[in-house]
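J.: The structure is given below, and queries will be raised subsequently.
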Amino acid sequence: MADCLFCKISSGEMDTDFVYEDDQVVVFEDINPQAPVHLLIVPKKHIADLNHLEASENDLIGHVYQVAKKMAAENGIDDSGYRLVSNCGDEGGQTVYHIHFHLLGGRELQWPPG
Ligand code: 5GP
Ligand code: ZN
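Taking this note's numbering, the leading residue of the sequence shown gets 4, the next gets one more, and so forth.
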């Protein structure tokens with residue numbers, strides 16, 4: 004996806020500082036953080052949104068959760084608590100159409116969300 008921002012970032016084309024990278028995902032800080040810890044966990048594979056997720060990608064999503072757990076521990080929010088969020092679609096608040104997961108923590112998060 005030549006004009007996809009998160010394809011460009013995850014491929015290294017944008018010279019982004021990754022806090023974590025492996026063969027399946029990259030993790031970097033959100034440019035507009037909504038909490039003291041606000042990381043984006045982004046699969047390298049282009050999947051536009053949750054509506055386009057295939058069953059063959061279940062292992063990838065399981066891996067995302069394992070990376071989220073590791074990032075939470077490394078950022079010291081595993082005991083205090085955190086939220087892993089994937090927005091889908093316009094009313095879900097999605098603005099970048101390459102699936103990604105927000106890891107938010109470091110403050111008391113409100114529920115329900117706005
Ligand atoms: P969404 O709104 O799709 O759930 O999440 C997209 C997120 O990407 C937003 O929180 C936004 O701040 C972040 N974002 C958009 N462009 C960039 C960028 O160029 N660099 C980084 N690090 N984050 C970005
Ligand atoms: Zn993409």
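Ideal Cβ positions, reconstructed from N, Cα and C, are used throughout, including at glycine.
1) Out of L112, P46, M4, which has the shortest C-alpha to C-alpha gap to V70?
2) Would G92 and N61 be called neighbours here (beta carbons separated by less than 9 angstroms)?
3) Does the Cβ-Cβ distance between L87 and L112 come in under 9 angstroms?
4) V29 and M74: beta carbons closer than 9 angstroms?
5) Helix, strand or coil for A77? Go by DSSP, reduced to three states.
6) If we require 4 or more residues per run, which alpha helix (DSSP H) segments fall completely within the region 54 to 110?
7) Comparing C-alpha positions only, which one of I102, C10, I12 sits nearest to I64?
8) Tell me which residue opens and which closes the alpha helix (DSSP H) that L8 is part of.
T.: Straight from the coordinates:
1) Counting from 1 along the sequence shown, the entry for residue 70 is found at position 67. The candidate whose alpha carbon is nearest that of V70 is P46.
2) Translated into the one-based positions of the sequence shown, residue 92 becomes position 89. Translated into the one-based positions of the sequence shown, residue 61 becomes position 58. No, the pair does not count as a contact, with Cβ atoms beyond the cut-off.
3) On the sequence shown, position 84 is the one that residue 87 refers to. On the sequence shown, position 109 is the one that residue 112 refers to. In this structure, L112 does not lie closer than 9 angstroms to L87 by Cβ.
4) The residue given as residue 29 occupies position 26 in the sequence shown. The residue given as residue 74 occupies position 71 in the sequence shown. Cβ distance not < 9 angstroms, so V29 and M74 don't count as in contact.
5) For the purposes of this step, residue 77 is identified with residue 74 of the sequence shown, where counting begins at 1. Just to set this straight, residue 77 is Glu in the shown sequence, not Ala. DSSP places E77 in helix when its eight states are reduced to three.
6) The DSSP assignment places complete alpha helix (DSSP H) segments of no fewer than 4 residues inside the region 54 to 110 at 61 to 77, in order along the chain.
7) As a working mapping, residue 64 is identified with position 61 in the sequence shown. That would be I102, whose Cα lies nearest to the Cα of I64.
8) The residue you call residue 8 lines up with position 5 of the sequence shown. Note, L8: alpha helix (DSSP H), 8 to 13.
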